[in-house]
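Novice:
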Amino acid sequence: MIQVDNLTKRYGPVEAIRDVSFGVEKGRIVGFLGPNGAGKSTTMKILSCFMPASGGTARVAGYDVFSQSLEVRRRIGYLPENAPLYPDLSVSTFLDFVAEIKGIGRTARRGRVADVMERCFVTDMQNRLIGKLSKGYRQRVGLAQALLGDPEVLILDEPTIGLDPRQIAEIRALIRSLAGQHTVILSTHILPEVSMVCDGVIIINRGRIVAQGTESELVQQAFPTARIEVRVAGAGGDVAGSLRALPGVVGVEPLMSRDSAVGFLVESERHRDVRPDLVRLVIGKGWALQELHQVGMSLEEVFIRVVAGEDLGAAADGDTATPAPRPAEEKP
Amino acid sequence: MRWWPVFKNEMRLYFGSPMAYAVLFVVLFLCGLFFSVLFLNFSDVSMRSFMQPQFGQNLNATEFVLTRLFVITAQILLFCVPMITMRLFAEERRSGTIELLLTFPVRDGEVLAGKFLAAVALLAVLLGLSLTFPALVAYFTRVEWGAVLSGYLGLLLAGSTFLAIGILISSLTDSQIIAGFIAFGLAIVFWVIGWFADLTSGTLRVVLQYLSLIERMDSFSRGLIDTKDVVYYVSAIALLLFLTLRSLESKRWRG
Chain U
1 MIQVDNLTKR YGPVEAIRDV SFGVEKGRIV GFLGPNGAGK STTMKILSCF
51 MPASGGTARV AGYDVFSQSL EVRRRIGYLP ENAPLYPDLS VSTFLDFVAE
101 IKGIGRTARR GRVADVMERC FVTDMQNRLI GKLSKGYRQR VGLAQALLGD
151 PEVLILDEPT IGLDPRQIAE IRALIRSLAG QHTVILSTHI LPEVSMVCDG
201 VIIINRGRIV AQGTESELVQ QAFPTARIEV RVAGAGGDVA GSLRALPGVV
251 GVEPLMSRDS AVGFLVESER HRDVRPDLVR LVIGKGWALQ ELHQVGMSLE
301 EVFIRVVAGE DLGAAADGDT ATPAPRPAEE KP
Chain E
333 MRWWPVFKNE MRLYFGSPMA YAVLFVVLFL CGLFFSVLFL NFSDVSMRSF
383 MQPQFGQNLN ATEFVLTRLF VITAQILLFC VPMITMRLFA EERRSGTIEL
433 LLTFPVRDGE VLAGKFLAAV ALLAVLLGLS LTFPALVAYF TRVEWGAVLS
483 GYLGLLLAGS TFLAIGILIS SLTDSQIIAG FIAFGLAIVF WVIGWFADLT
533 SGTLRVVLQY LSLIERMDSF SRGLIDTKDV VYYVSAIALL LFLTLRSLES
583 KRWRG
């Protein structure tokens, strides 16, 4: 549904994104993840036909965003960053305008507008001026606007920003419900959001894609081994040696000891759960088990590892928050 | 025909804010001020010519009051039109709504057409309300309606040209103040350029006269519709709108 190849965008000498390539299949929800200034919004602006790329191609719903822009725009709903709206219009007037400009006929318009207002929980504010609304409501009006016309593809730039926790949950449920009929690409820097809402993840940093796939794929890539933290008290002898001897264990690292307990980080083969064996070993030896849990399996850890690793490698050219111009000869 | 929703929306924005009313009030108030001066002056002169019949042979209310009023109105419009146009693109750019507008399934040209026609419609409302002045004259004396009509056509054409200048400037910046101020400055240039023309000679004079947007108003206000003048204004508008379209496009490229 969305196919992006080697997309590059330069603002003067500054390269906002570089050689970005990815694809999103129909009916999937993909999260675009990255620190501020990584190029998320730039990519979305190109996909929504707001501005052309400096290089590379992007196709949405089978049409090229540059040469068939109008066809693309007929098939997308776009929520720009910070949901810009007309403050002097009331919610229903604004949505009616959007419905009309999207080509929804006069008779169908009223029903469609009422429907999106219902879905985005803004019906009770329909006669208020947008300028008088709170950030959360404005955000939802922006989302309602994107949903009008039932577009095949939704491009949502930080859809849950500025919402309170309950509203966030509602909007996430709404976006989740779009899966199947709609293809959604949403950007965020809230990591749990991606786990909750998205089928796939694209991590972008400093203008380049650093990882993409499903959440479990990314976790596997970043952490080829499963890691278990174990703490035992009253242990004598070579604890690390006994742990290492267990089948499936590939590495044991001592952790800082707390009180009388000693701790180890046990790395094991990913698909082999060594926890039962560990417990049996500890109990068999007569040690007191204080703690045993798996670590480092979340998307958050992946993100930190991937992005921090990138930044560490590129620390030489300074600022980590904004993509700085890079010399052409630099290789990742 | 997707310009229609844009047009409707712009009209809502004009009349939903104090902007349109402020412009209408100020322009009509100023016109009214000049009108009363001209009309009182006319009644004074006609009274005196009544005493000295050889004087007032061809005293004519249309010519004495309305023709002058049209020229003055054109000058007032020159200064007030930036207020109408400065918002059109600059504000959208500043608030970010341009990003919505240009990603809706409408062509840039349709967006521009909607916005320009909305500004022209506001101008037409303004000129419509100012018909009060010829109507007042008609209440007291005979009015040559042909000349009035020609004067209004001239005002509409000249006014639309000012609007097109304003809209071009508005598309170049994201500050309303700068858009208004530059359009205002340009208005003065186009006004004063006619005076320079009078001081020069030869080709320069012809060129300057050609550039003077106000000068052309004179023949319209005297009741003379010259195809050349109509073509002049229409092609000026077309050129300015074309440049605006290009400016919108280039802004896209530069992001």
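Taken in sequence, the protein lines are chains U and E.
Its first residue numbered 1, the first sequence is counted upward by one per residue in my numbering.
Its first residue numbered 333, the second sequence is counted upward by one per residue in my numbering.
Ideal Cβ placement from N, Cα and C applies to all residues, glycine included.
Being a predicted model, the structure only gives us computed values, none of them experimental.
(1) Residue ranges of each beta strand (DSSP E) run of no fewer than 3 residues wholly in the region 16-79 of chain U, ordered along the chain?
(2) Are any of the Cβ atoms in chain E nearer than 9 angstroms to that of U/Ile2?
(3) Using alpha carbons as the reference points, say which of U/Glu301, U/Lys135 and U/Trp287 lies closest to U/Gln167.
(4) Check whether the Cβ atoms of U/Ile338 and U/Val30 sit closer than 9 angstroms, and answer yes or no.
(5) Please compile the residues from chain E whose C-beta is within a distance smaller than 7 angstroms of the C-beta of U/Met117.
(6) Please report how far the alpha carbon of E/Asn373 lies from the alpha carbon of E/Leu459, in whole angstroms.
(7) What would DSSP say about U/Asp317, mapped onto helix, strand or coil?
(8) Is any beta-carbon of chain E found at less than 9 angstroms from that of U/Ile17?
(9) Taking C-beta pairs closer than 7 angstroms, name the residues in chain U that E/Pro337 reaches, listed in chain order.
(10) Ordered along the chain, which non-local residues of its own chain (more than five positions away) have a Cβ less than 8 angstroms from that of U/Arg75?
(11) Within 9 angstroms of any Cβ in chain E, is that where the Cβ of U/Gln145 sits?
(12) Reducing DSSP to helix, strand and coil, say where U/Gln220 ends up.
(13) Excluding sequence positions up to five away, which residues of its chain have a Cβ less than 8 angstroms from the Cβ of E/Gly517?
(14) Are the CB atoms of U/Leu85 and E/Leu356 within a distance shorter than 9 angstroms?
(15) In the structure shown, what three-state DSSP assignment does U/Arg269 receive?
(16) With 9 angstroms set as the bound, which would you pick, yes or no: does the beta-carbon of U/Met196 sit closer than that to a beta-carbon of chain E?
(17) How would you call E/Leu370, buried or exposed, if buried means at least 16 neighbouring beta carbons within 10 angstroms?
(18) Is it buried or exposed for E/Ile509, if we count other Cβ within 10 angstroms and need 16 for buried?
(19) Suppose contacts are defined by Cβ-Cβ distances below 9 angstroms. Is U/Gly23 in contact with U/His189 by that definition?
(20) What would DSSP say about E/Val618, mapped onto helix, strand or coil?
(21) Would U/Ile161 count as contacting chain E if we go by Cβ distances under 9 angstroms?
(22) With three or more C-beta pairs closer than 8 angstroms as the rule, is the region 263-274 of chain U touching the region 228-243 of chain U?
(23) Anything in the region 348-363 of chain E with a Cβ closer than 8 angstroms to a Cβ of chain U? List those residues in chain order, please.
(24) Which residues in chain B sit within 8 angstroms of E/Arg584, going by Cβ to Cβ distance?
(25) Using 9 angstroms as the limit for Cβ to Cβ distance, is U/Val158 near chain E?
(26) Quick one: complete alpha helix (DSSP H) runs, 4+ long, within the region 438-484 of chain E?
(27) Taking all protein chains shown into account, do 16 or more other C-beta atoms lie within 10 angstroms of the C-beta of U/Ser187, making it buried, or fewer, making it exposed?
(28) Looking at the C-beta of U/Glu152, does it have a partner C-beta in chain E at a distance below 9 angstroms?
(29) State the start and end residues of the unbroken beta strand (DSSP E) segment that holds U/Pro254.
(30) For the region 412-431 of chain E, which residues have a beta carbon sitting closer than 7 angstroms to at least one beta carbon of chain U?
(31) Where do the ends of the alpha helix (DSSP H) carrying U/Arg106 lie?
(32) According to DSSP, is U/Glu291 helix, strand or coil?
(33) Can you name, in chain order, every residue of its own chain whose Cβ lies under 7 angstroms from the Cβ of E/Ser544, other than the five neighbours on each side?
(34) Taking its Cβ as the centre, do 16 or more other Cβ atoms sit within 10 Å of U/Lys9, making it buried, or is it exposed?
(35) For U/Asn82, return the contacting residues in chain E, with the cut-off set at a CB-CB distance below 9 angstroms.
(36) Given this structure, state the Cα-to-Cα distance separating E/Leu504 from E/Arg426, to the nearest angstrom.
Specialist: In this structure, then:
(1) 29-33, 55-60 and 76-79
(2) no
(3) U/Lys135
(4) Lying outside 1 to 332, the shown extent of chain U, residue 338 of chain U is not represented and no answer is given.
(5) Near U/Met117 there are no residues of chain E at all, since even the closest Cβ is about 17 angstroms away, more than 7 angstroms.
(6) 23 angstroms
(7) Below a pLDDT of 50, predicted positions are generally treated as unreliable, and U/Asp317, at 45, falls in that range; the measurement from the model is reported next regardless. It is helical.
(8) no
(9) Phe97, Glu100 and Ile101
(10) Val60, Ala61, Tyr63, Pro151, Glu152 and Val153
(11) yes
(12) helix
(13) none
(14) no
(15) In the sequence under discussion, the amino acid at residue 269 of chain U is Glu, which differs from the Arg named in the question. It is a strand residue.
(16) no
(17) buried
(18) exposed
(19) no
(20) Outside the modelled stretch of chain E, which goes from 333 to 587, sits residue 618 of chain E, for which no answer is possible.
(21) no
(22) yes
(23) Gly348 and Ser349
(24) Protein chains in the displayed structure are U and E, and chain B is not among them.
(25) Looking at the sequence provided, one finds Glu at residue 158 of chain U rather than Val. It does not: the Cβ of U/Glu158 has no partner Cβ on chain E nearer than 9 angstroms.
(26) 440-461 and 464-472
(27) buried
(28) no
(29) Val249 to Arg258
(30) Ser427, Gly428, Thr429 and Glu431
(31) Arg106 to Arg119
(32) strand
(33) Phe522, Ile525, Gly526 and Ala529
(34) buried
(35) Gly428
(36) 12 angstroms
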